[in-house]
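Report on one structure; see the data block that follows.
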Amino acid sequence: GTPRGSYVTLRTDRHWGEGHLTFSLAWELNYPGSDVAWYVDGEFYDWVPVESSERWREFRIYLDGGRHEVTWEYAYNPEDVVDPPRGGYAYMDDVYFAAKTDIPTYAPT
């Protein structure tokens, strides 16, 4: 049969600091033929806002410190329609984490 989708998960450990997880996506979907969404700790976080991107688009997730699971999911026929339109594609690249840093401020003298 046709695969229902695919996913990838990033797991952080208890020593992970707080900051922003940034990633880029490029996609062409044909909803309800396919969809892309991401989850943090099993809870829905967001999905691509339009059916296609004409270029790479950057997204950001704030994570507080500690253990987390971030999952990106590409789903074929997410609404389980009887005769779905063709599926699309999604690519992810440039995934990185920027830890929060405290920048010292100085009072004028």
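Every letter in the sequence shown is one number past the one before it in our numbering, and letter 63, counting from 1, is 63.
For glycine and all other residues, C-beta sits at the position ideal for the given N, C-alpha and C.
A check of alpha carbon separations from Ser53 across Val95, Gly88 and Thr22 identifies Gly88 as the nearest. The distance from the Cβ of Tyr74 to that of Ser6 is about 5 angstroms, consistent with a contact at the 8 angstroms cut-off. In the DSSP assignment, Asp94 falls within the unbroken beta strand (DSSP E) covering Tyr89 to Ala99.
A residue is called buried when at least 16 other Cβ atoms come within 10 angstroms of its Cβ; Pro78 meets this threshold and is buried. Assignment of Ser53 by DSSP, reduced to helix, strand and coil, places it in the coil class.
Inter-segment contact for the segment 38–50 and the segment 93–103 is absent: fewer than three beta-carbon pairs are separated by less than 8 angstroms.
Taking 9 angstroms as the cut-off, the beta carbon of Pro85 is found no closer than this to the beta carbon of Gly19.
By the neighbour-count criterion, in which a residue is buried when 16 or more other Cβ atoms sit within 10 angstroms of its Cβ, Asp35 is buried. In the structure shown, the three-state DSSP call for Val40 is strand. The shortest C-alpha to C-alpha distance from Asp64 to any of Thr9, Trp16, Val50 and Tyr39 is the one to Trp16.
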